[in-house]
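Student: These protein sequence lines map, in sequence, to chains A and B. Under our numbering, the residues of the first sequence are numbered 3 to 338, in order. Under our numbering, the residues of the second sequence are numbered 2 to 339, in order. Using N, Cα and C, we set each Cβ at its ideal position, and we do this for glycine too. The structure that follows is given in the form of structure tokens.
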Amino acid sequence: MRFHAEISHDANFWNEIVIASEHTHLFHRWEWLKTVENRLGFKFHPLVIYKGSTPVGIYPVFSKSKYFYKFAFSPPPYTGISYLGPALVDYADLKEDKRLSILKGLVESVDKFVFSELGASYFLTNVSPNLKDVRPYKWLNYDIDLIFHYILDISRGVENVWKGFKKEARENVKKAIKWGFKFEMGEPDDIKTIYEMLKGRYKEQGLKMKINLSYLREICDLFSDSIKIFLCRRDGEVVTGIVALCFKDRISFWIGGAKSDAKYANDLIHWEAIKWACENGFKYYEEFGAGTERLARFKSKFNPDLVVAFSVKKYRSFHVRILEGIYKLGRNYLNI
Amino acid sequence: MNVEIVESKEIWNSILDRSSNGTLFHDLEWLKISARYATKNFLGKRVPCKFYPLVVFKGEEPIGALPAFMFKHAGIKLLLSPPHGVENYYLGPLFVEFPNAKRSKIERYFLDFWKAIDEYVATNFSPSYILIHTSPGILDARPFKWCGYYVEPRYTYVVDLNRRLEDVWLQLSRSLRRDIKKAWKIFEIRSAKLEDLSALYDIMRKRGRIHCSLDYLGEIFKTFNKNIVAFVAEFEGEVVSGIVNLIYRNRVQFWIGLPRVDLPTSPNGSLLWSSIEWAKAQGYGVYEIMSAEEYELFPFKSKFNANLEIYFSVRKFGAFARILSCIREVVKGDEVPR
Chain A
3 MRFHAEISHD ANFWNEIVIA SEHTHLFHRW EWLKTVENRL GFKFHPLVIY KGSTPVGIYP
63 VFSKSKYFYK FAFSPPPYTG ISYLGPALVD YADLKEDKRL SILKGLVESV DKFVFSELGA
123 SYFLTNVSPN LKDVRPYKWL NYDIDLIFHY ILDISRGVEN VWKGFKKEAR ENVKKAIKWG
183 FKFEMGEPDD IKTIYEMLKG RYKEQGLKMK INLSYLREIC DLFSDSIKIF LCRRDGEVVT
243 GIVALCFKDR ISFWIGGAKS DAKYANDLIH WEAIKWACEN GFKYYEEFGA GTERLARFKS
303 KFNPDLVVAF SVKKYRSFHV RILEGIYKLG RNYLNI
Chain B
2 MNVEIVESKE IWNSILDRSS NGTLFHDLEW LKISARYATK NFLGKRVPCK FYPLVVFKGE
62 EPIGALPAFM FKHAGIKLLL SPPHGVENYY LGPLFVEFPN AKRSKIERYF LDFWKAIDEY
122 VATNFSPSYI LIHTSPGILD ARPFKWCGYY VEPRYTYVVD LNRRLEDVWL QLSRSLRRDI
182 KKAWKIFEIR SAKLEDLSAL YDIMRKRGRI HCSLDYLGEI FKTFNKNIVA FVAEFEGEVV
242 SGIVNLIYRN RVQFWIGLPR VDLPTSPNGS LLWSSIEWAK AQGYGVYEIM SAEEYELFPF
302 KSKFNANLEI YFSVRKFGAF ARILSCIREV VKGDEVPR
């Protein structure tokens with residue numbers, strides 16, 4: 003049976019798939035994706051993929067034209083979206099041959115949409131860590147890169163999670179308490195404080211903060227039930243804060259936790275967020291991004307499991323690959 | 002951490018025994034045989050290799066190893082693991098288990114281990130190109146990336162045998178079960194004898210499905226006869242296909258065999274099923290259908306509905322090789338994989 007990708011503007015249908023699929027996060031929610039489109043100037047293509055007349059999955063694609071080229075993304079850059087890409091329905095229940103045939107059909111139909119109908123020169127997808135099979139992309143000549151995350155199983159209870167921490171992390175938490183750091187839950191408005199701290203940290207490192215504050219505020223307002231803000235104060239002053247996303251049985255540390263003079267405060271805030279998550283029935287504490295050596299060393303103190311995910315990209319032609327190389331050079335070394 | 006070339010079987014095997022990602026290909030005897038037969042086609046010339054059993058010590062304690070094979074020709078040096086021409090899908094580093102250590106410590110050790118190997122290789126061999134296919138079981142590929150390697154996932158299929166054989170059978174696709182039953186009526190499936198090997202080899206050679214020498218296979222069979230179980234399919238008294246399985250630890254692996262058969266019905270599904278049945282009867286926990294990569298073979302292999310297991314292809318270019326590779330991509334044109 004033939005596969006085809008179709009644009010759908012049925013938000014309810016889209017969100018039903020987001021709930022049903024094992025490859026989704028809060029990022030896949032229709033409202034989040036529309037905010038990206040409205041706020042950040044990317045064109046959103048909400049693709050539903052059908053096998054015959056049966057929907058088998060969704061694939062949110064964004065595009066933007068620049069310098070005579072059209073670029074397609076899932077997710078687009080500077081949106082704070084860690085992964086997006088395809089979300090399949092009933093995937094885990096299928097046998098491997100059916101799984102592969104559906105995934106292959108889905109990827110091929112989206113590839114055709116992006117390069118033939120949309121006329122894109124470049125397409126990048128960061129797939130869900132729950133989707134381990136990227137062979138259909140390989141067979142279509144995509145470049146595959148690895149992305150790493152951490153996930154901590156907190157279903158075994160607060161005490162066991164605490165015992166699993168590296169000794170250094172436990173000591174740091176105790177020191178933070180002794181030094182008078184106080185933990186509290188924040189309000190959506192506190193995103194501004196966390197943002198400013200991150201911006202300051204980026205500046206210290208000679209980097210620009212490219213994510214937009216008004217976009218973050220809108221996301222926090224829109225998902226106020228699913229987004230939790232944790233703060234750490236000393237003498238009434240916020241010294242650090244993190245923003246976490248709650249989705250299904252996991253809570254994901256999203257942004258914040260900028261390195262500051264308040265030594266040990268970040269250890270405390272993660273521990274308090276983990277405790278809060280345990281008390282509120284979550285099973286997993288997810289930490290996006292474990293692929294940077296320095297950050298991985300901090301995050302691994304909590305004894306999480308490593309999760310491998312994939313980033314896939316394809317260029318229409320070799321000169322687009324060269325252009326990307328020049329762009330990266332500018333971004334990384336000239337801070338353009 | 003320091004790196005040494007270690008010829009001691011005792012040290013090598015102590016690492017292999019303590020490494021959860023160890024395979025039969027990592028056995029020192031297997032590696033030495035591979036080194037004698039491995040060749041690489043270099044600008045029209047068959048080039049042999051030199052084997053370096055690199056061991057990493059933390060203080061006095063060996064914590065990991067890399068079987069490295071070096072091919073040199075016309076100023077170009079390739080460091081491969083596994084080497085070419087010996088039909089190994091993967092090999093790469095061995096890394097011992099630290100059962101009582103926390104993950105952060107294990108991650109640290111693995112990073113230091115790989116940095117030590119990378120530095121040793123660069124200083125002592127300065128290869129133009131390094132290509133390693135790790136064995137399944139190494140999930141933390143970050144140290145490779147952090148040392149400047151390109152890393153890509155590769156896949157193999159594993160059938161969980163800790164279930165009733167009936168359940169494994171029902172997991173097979175309906176069309177495959179039908180084909181297997183049909184093949185039972187047409188072919189005689191039996192255990193292979195040593196003399197069947199050359200018949201199977203000839204068929205595979207004709208189909209372009211094998212790239213090693215018969216002598217190499219013969220020596221592997223002789224040395225590892227306790228680790229090998231093979232079956233052949235006969236049609237009208239003639240061997241038309243076969244399968245060679247390797248046995249190691251709790252796992253039986255389809256290694257080589259199953260060439261295309263020019264008959265209306267293929268015996269290959271039933272040969273693979275016979276191997277699974279045998280592995281289950283002998284009490285093994287896992288049957289591996291090696292390599293789930295080839296696009297041409299996936300319709301057959303995926304019908305066994307096995308689980309995917311990931312391993313990694315890890316490569317690094319020297320400056321000259323990087324330039325050559327870029328030129329190749331420009332010449333080759335659009336949408337080439339890296």
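Using a C-beta to C-beta distance shorter than 8 Å, which residues of chain A count as neighbours of arginine 250 (chain B)?
Tutor: In chain order: nothing, as chain A lies at least about 23 Å away.
Student: State the Cα-Cα distance for the pair aspartate 335 (chain B) and serine 319 (chain A), rounded to the nearest angstrom.
Tutor: Low local confidence applies: a pLDDT of 40 at aspartate 335 (chain B) is under 50, so the model's placement there is unreliable, and no value is given.
Student: Please report the straight-line C-alpha distance between histidine 151 (chain A) and glycine 286 (chain B), rounded to a whole angstrom.
Tutor: About 30 Å.
Student: Would a check of beta-carbon distances place arginine 147 (chain B) closer than 8 Å to chain A?
Tutor: Reading the sequence as shown, one finds tryptophan at residue 147 (chain B) and not arginine. It does: the Cβ of tryptophan 147 (chain B) has a partner Cβ on chain A nearer than 8 Å.
Student: So does the segment 277-297 of chain A actually touch the segment 151-161 of chain A, counting three or more Cβ pairs closer than 8 Å?
Tutor: A contact exists between the segment 277-297 of chain A and the segment 151-161 of chain A.
Student: Does the Cβ of threonine 135 (chain B) have 16 or more other Cβ atoms within 10 Å, making it buried, or fewer, making it exposed?
Tutor: Classification for threonine 135 (chain B): buried.
Student: Can you check whether the C-beta of glycine 334 (chain B) is within less than 8 Å of a C-beta belonging to chain A?
Tutor: Reliability of the predicted coordinates at glycine 334 (chain B) is poor, the pLDDT of 46 falling under 50, and no value is obtained from them.
Student: With DSSP collapsed to three states, give me the class of isoleucine 181 (chain B).
Tutor: Note: isoleucine 181 (chain B) maps to helix in three-state DSSP.
Student: Please list, in chain order, all residues of the same chain as isoleucine 324 (chain A) whose beta carbon is under 6 Å from its beta carbon, the five residues on each side excluded.
Tutor: So the list is empty, once near-sequence residues are dropped.
Student: Determine which residues share a DSSP beta bridge with valine 50 (chain A) and list them.
Tutor: Partner(s): A:Glu8 and A:Ile60.
Student: Following the continuous alpha helix (DSSP H) through methionine 205 (chain B), name the residue where it begins and the one where it ends.
Tutor: Residues 197-207.
Student: Rank B:Arg155, B:Leu79, B:Pro128 and B:Tyr130 by C-alpha distance to the C-alpha of isoleucine 139 (chain B) and give the top, closest one.
Tutor: Nearest option by C-alpha distance: B:Arg155.
Student: Using DSSP with H/G/I as helix, E/B as strand and the rest coil, what is glutamine 207 (chain A)?
Tutor: Three-state DSSP puts glutamine 207 (chain A) in coil, outside helix and strand.
Student: How about the segment 15-32 of chain B and the segment 199-206 of chain B: do they share at least three Cβ pairs that are nearer than 8 Å?
Tutor: Verdict: no, contact absent.
Student: Looking at valine 87 (chain B): is its Cβ nearer than 8 Å to the Cβ of tyrosine 249 (chain B)?
Tutor: Result no, Cβ atoms of valine 87 (chain B) and tyrosine 249 (chain B) do not sit closer than 8 Å.
Student: Here's the rule I'm using: 16 or more other beta-carbon atoms within 10 Å means buried, otherwise exposed. How should histidine 1 (chain A) be labelled?
Tutor: In the structure as shown, chain A starts at 3 and stops at 338, and residue 1 (chain A) therefore has no counterpart that could be examined.
Student: In angstroms, rounded to a whole number, what distance separates the CA positions of glutamate 239 (chain A) and tryptophan 16 (chain A)?
Tutor: One C-alpha to the other measures close to 42 Å.
Student: Using a Cβ cut-off of 9 Å, pull out every chain B residue sitting near asparagine 132 (chain A), in sequence order please.
Tutor: By Cβ distance, chain B contributes nothing, its closest Cβ being about 13 Å from asparagine 132 (chain A), past 9 Å.
Student: Return helix, strand or coil for isoleucine 231 (chain A), following the three-state DSSP convention.
Tutor: Here isoleucine 231 (chain A) sits in strand by DSSP.
Student: Please state if the CB of proline 131 (chain A) and the CB of valine 309 (chain A) are separated by a distance shorter than 8 Å.
Tutor: Yes, these two residues count as a Cβ contact at 8 Å.
Student: Compute the beta-carbon to beta-carbon distance between isoleucine 290 (chain B) and tyrosine 158 (chain B), rounded to the nearest angstrom, for a pair I have assumed lies under 8 Å.
Tutor: Correct: roughly 4 Å between the Cβ atoms.
Student: Alpha carbons only, please: which of B:Asp180, B:Lys103, B:Ile64 and B:Pro268 is nearest the one belonging to glycine 166 (chain A)?
Tutor: Cα-wise, what sits closest to glycine 166 (chain A) is B:Lys103.
Student: Going along the chain, which residues of its own chain have a beta-carbon closer than 7 Å to the beta-carbon of leucine 95 (chain B), five neighbours each way excluded?
Tutor: Excluding residues within five positions, the ones whose Cβ falls inside 7 Å are Ile16, Leu17, Ser20, Asn22, Gly23, His27, Gly65 and Ala66.
Student: Report yes or no: do three or more beta-carbon pairs, one from the segment 108-125 of chain A and one from the segment 255-262 of chain A, lie closer than 8 Å?
Tutor: The segment 108-125 of chain A vs the segment 255-262 of chain A: no contact.
Student: Cβ-heavy atom distance between isoleucine 229 (chain B) and the ligand COA below 7 Å?
Tutor: Ligands displayed in this structure: none; no statement on the ligand COA is therefore possible.
Student: Contact defined as beta carbons within less than 8 Å: I believe arginine 236 (chain A) pairs with alanine 264 (chain A). What is the distance between those atoms, to the nearest angstrom?
Tutor: About 6 Å; that satisfies the 8 Å criterion.
Student: Consider the Cβ of alanine 298 (chain A): report whether some Cβ of chain B lies at a distance smaller than 8 Å.
Tutor: Yes, contact with chain B.
Student: Using DSSP's beta-bridge definition, name the partner residues of histidine 340 (chain B).
Tutor: As displayed, chain B neither begins before 2 nor continues past 339, which places residue 340 (chain B) out of reach and without an answer.
Student: Compare the C-beta of glycine 188 (chain A) with all C-beta atoms of chain B and state if any pair is closer than 8 Å.
Tutor: For glycine 188 (chain A), the answer is no, since every Cβ of chain B falls outside 8 Å of its Cβ.
Student: Roughly how many angstroms separate the alpha carbons of leucine 105 (chain A) and serine 216 (chain A), rounded to a whole number?
Tutor: About 36 Å.
Student: Taking 8 Å as the threshold (beta carbon to beta carbon), is lysine 103 (chain B) in contact with chain A?
Tutor: Yes, lysine 103 (chain B) lies at the interface with chain A (some Cβ there is under 8 Å from its Cβ).
Student: Assign leucine 215 (chain B) to buried or exposed, taking buried as 16 or more other Cβ atoms, counted over all protein chains shown, within 10 Å of its Cβ.
Tutor: Exposed.
Student: In the DSSP assignment, find the alpha helix (DSSP H) that holds tyrosine 217 (chain A) and state where it starts and stops.
Tutor: Where tyrosine 217 (chain A) is concerned, the enclosing alpha helix (DSSP H) stretches over 215-224.
Student: Under 8 Å, with one C-beta from each stretch per pair, do the segment 301-308 of chain B and the segment 113-128 of chain B reach the 3-pair mark?
Tutor: No, because fewer than three Cβ pairs between the segment 301-308 of chain B and the segment 113-128 of chain B fall closer than 8 Å, the two stretches do not touch.
Student: When the Cα of leucine 133 (chain A) is compared with those of A:Glu295, A:Val109 and A:Glu161, which residue comes out closest?
Tutor: Minimum Cα distance to leucine 133 (chain A) is reached at A:Val109.
Student: On the DSSP letters alone, give me the boundaries of the beta strand (DSSP E) that lysine 59 (chain B) sits inside.
Tutor: Note, lysine 59 (chain B): beta strand (DSSP E), 46-59.
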